[in-house]
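*Asks:* One structure coming up, written as C-alpha cells, with questions to follow.
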Amino acid sequence: ETGVTQSPTHLIKTRGQQVTLRCSSQSGHNTVSWYQQALGQGPQFIFQYYREEENGRGNFPPRFSGLQFPNYSSELNVNALELDDSALYLCASSFVRQQYNEQFFGPGTRLTVL
Amino acid sequence: KQEVTQIPAALSVPEGENLVLNCSFTDSAIYNLQWFRQDPGKGLTSLLLIQSSQREQTSGRLNASLDKSSGRSTLYIAASQPGDSATYLCALISSGSARQLTFGSGTQLTVLP
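Protein sequence lines, in the order shown, are assigned to chains A and B. Those letters in the first sequence? Residues 1 to 114, per my numbering, in order. Those letters in the second sequence? Residues 115 to 227, per my numbering, in order.
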C-alpha cells in the first residue's frame with residue numbers, strides 16, 4: 001500500500017510569483033484535503049476535493065485554488081505569492097465512505113517566499 | 115466556530131516518566147478526534163483516532179480518551195522514551211463540516227535521557 005506523497009519537498013519563490021504543489025493520495029482513497037502550517041502553529045484547513053470537485057473551503061482567498069484528477073491525485077496552486085504564504089503545505093487523503101474518515105498525511109512541501 | 119486548545123505548549127520530562135497531554139475544544143458536536151505526532155519539519159503521523167461514540171483508544175504505550183460533555187481529550191504516554199520527543203497535535207472533525215480537521219497548536223514534548 002502506497003502512502004501519501006508530495007512534491008516538491010522544498011520550494012523557494014519570490015513575492016508575486018505563482019506556485020503549484022502536487023500530492024498523490026494513498027491507494028484506495030478518494031478525498032484530498034490541503035492544509036497550511038505556519039511555523040509553531042497547527043495546520044489550517046485550505047480546502048478539500050472529492051470526486052474532482054471542491055467539497056469545503058477554509059478561510060483562504062481565491063488566489064489559493066486546487067484540482068483533483070481522476071486518479072485522485074491533486075494540485076494546490078497559489079497565485080500572487082505573499083511573504084505570509086511561507087509555510088509547510090500538507091496534503092491529506094481519506095476515503096469518504098469510511099466510517100472513521102481517518103486522514104493520512106504526506107510529508108509536506110516547505111514553501112519559502114522571499 | 116470550533117476552537118481547539120492544547121496545554122501545555124511545551125513539556126520536558128525525564129525518560130521513564132508517564133505523562134498526559136491535554137486537548138480542549140469548544141463545540142461538543144464532533145465526528146471524531148485524532149491525535150498526531152509531528153517530528154521537526156516533517157508531516158503528521160496519525161497515532162490514535164477516537165470516534166464520537168467512543169470514550170478511549172489504546173495503541174501500545176499510548177492511550178487517548180474523549181469526554182465530549184466537558185470538551186476534553188487527553189493523550190497518556192506511558193514509560194516515556196527519548197524517541198517520543200516530538201510535537202503532538204490534537205485535531206477533530208466537527209459534525210457537518212465537510213470532514214475538515216481543526217487542529218490545536220500542539221504540545222512540544224522533550225524526553226530527556
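Using N, Cα and C, we set each Cβ at its ideal position, and we do this for glycine too. Since this is a predicted model, take the numbers as computed values, not measurements.
1. In this structure, does DSSP put B/Leu-162 in helix, strand or coil?
2. Is there at least one Cβ from chain B nearer than 8 Å to A/Phe-105's Cβ?
3. Find out if the Cβ-Cβ distance for the pair B/Ile-164, B/Ala-143 is shorter than 8 Å.
4. Just grab the DSSP bridge partners of B/Phe-217 for me.
5. Just the Cα atoms here: how many angstroms apart are B/Val-225 and B/Ser-126?
6. Give the interface partners of A/Gly-108 over in chain B, defined as CB-CB distance under 9 Å, in chain order.
7. Measuring only between beta-carbons, confirm whether B/Asn-146 sits less than 8 Å from chain A.
8. Give the DSSP-derived three-state secondary structure of B/Gly-197 in the structure shown.
9. Can you look up B/Asp-181 in the DSSP assignment and give me helix, strand or coil?
10. For A/Leu-11, does the three-state DSSP call read helix, strand or coil?
11. By the 7 Å beta-carbon criterion, what residues does the segment 34 to 48 of chain A contribute toward chain B?
12. Beta carbons nearer than 8 Å to chain B: which residues of the segment 58 to 70 of chain A have them?
13. Does the separation of the CB atoms of B/Ser-219 and A/Gly-56 fall below 8 Å?
14. Would you kindly work out how many angstroms separate the C-alpha atoms of A/Ser-33 and B/Gly-130, rounded to a whole number?
15. Show which residues of chain B have a CB atom less than 8 Å away from the CB atom of A/Asn-101.
16. What's the gap between the Cα of B/Tyr-190 and the Cα of B/Leu-158?
17. Look at the alpha carbon of B/Ala-205 and the alpha carbon of B/Gln-222, and state the distance between them as a whole number of angstroms.
18. Mapping the DSSP letters down to three states, classify A/Leu-83 as helix, strand or coil.
19. CB A/Cys-23 to CB A/Ser-74, shorter than 8 Å?
20. Check the DSSP bridge columns for B/Arg-151 and list the partner residues they point to.
21. Using a Cβ-Cβ cutoff of less than 7 Å, which residues in the same chain neighbour B/Ser-208 once the five nearest sequence positions on both sides are dropped?
22. With distances taken Cα to Cα, identify the nearest neighbour of A/Pro-8 among A/Leu-114, A/Val-113 and A/Gly-108.
*Replies:* Reading off the structure:
1. Residue mapping note: residue 162 of chain B aligns to position 48 of the second sequence, counting from 1. Note: B/Leu-162 maps to strand in three-state DSSP.
2. Your numbering for residue 105 of chain A matches position 105 in the first sequence. True, the Cβ-Cβ gap to chain B drops below 8 Å.
3. Here residue 164 of chain B refers to the residue found at position 50 of the second sequence. Here residue 143 of chain B refers to the residue found at position 29 of the second sequence. Not a contact, by the Cβ cut-off of 8 Å.
4. For the purposes of this step, residue 217 of chain B is taken as residue 103 along the second sequence, with counting starting at 1. Paired residue(s): B/Ala-205.
5. The sequence position of residue 225 of chain B within the second sequence is 111, counting from 1. The sequence position of residue 126 of chain B within the second sequence is 12, counting from 1. Distance between the alpha carbons of B/Val-225 and B/Ser-126: 6 Å.
6. Position 108 of the first sequence, counted from the first residue, corresponds to residue 108 of chain A. Those within 9 Å of A/Gly-108 in chain B are Gly-155, Lys-156, Gly-157 and Leu-158.
7. Position 32 of the second sequence, counted from the start, is the residue given in the question as residue 146 of chain B. Judged by the 8 Å Cβ criterion, B/Asn-146 is in contact with chain A.
8. One-based indexing of the second sequence puts residue 197 of chain B at position 83. Residue state, collapsed to three classes: helix.
9. The count along the second sequence starts at 1 and reaches residue 181 of chain B at position 67. B/Asp-181 falls in the strand class under three-state DSSP.
10. The count along the first sequence starts at 1 and reaches residue 11 of chain A at position 11. In this structure, A/Leu-11 counts as strand in the three-state DSSP scheme.
11. Gln-41, Gly-42, Pro-43, Phe-45 and Gln-48
12. Gly-58
13. For the purposes of this step, residue 219 of chain B is identified with residue 105 of the second sequence, where counting begins at 1. For the purposes of this step, residue 56 of chain A is identified with residue 56 of the first sequence, where counting begins at 1. No, Cβ-Cβ distance for B/Ser-219 and A/Gly-56 is not below 8 Å.
14. Start at 1 with the first residue of the first sequence, and residue 33 of chain A comes out as number 33. Start at 1 with the first residue of the second sequence, and residue 130 of chain B comes out as number 16. Cα-Cα distance, rounded: 37 Å.
15. Here residue 101 of chain A refers to the residue found at position 101 when the first sequence is read from its first residue. Those are Tyr-145, Asn-146, Ile-207 and Arg-213, listed as they occur along chain B.
16. Within the second sequence, the letter at position 76 stands for residue 190 of chain B. Within the second sequence, the letter at position 44 stands for residue 158 of chain B. Whole-angstrom Cα-Cα distance: 18 Å.
17. For the purposes of this step, residue 205 of chain B is identified with residue 91 of the second sequence, where counting begins at 1. For the purposes of this step, residue 222 of chain B is identified with residue 108 of the second sequence, where counting begins at 1. Cα to Cα, the separation comes out at about 15 Å.
18. If you number the first sequence from 1, residue 83 of chain A lands on position 83. A/Leu-83: helix per DSSP, three-state reduction.
19. On the first sequence, position 23 is the one that residue 23 of chain A refers to. On the first sequence, position 74 is the one that residue 74 of chain A refers to. Contact: yes.
20. Here residue 151 of chain B is taken as the residue at index 37 of the second sequence, counted from 1. Its beta-bridge partners are B/Thr-159 and B/Tyr-202.
21. Working through the second sequence from its first residue, we reach residue 208 of chain B at position 94. Only Gln-116, Asp-141, Ala-143, Ile-144, Tyr-145 and Thr-216 meet the Cβ criterion.
22. Reading the first sequence from its first residue, position 8 is the one you call residue 8 of chain A. Ranking the options by Cα distance to A/Pro-8, first place goes to A/Gly-108.
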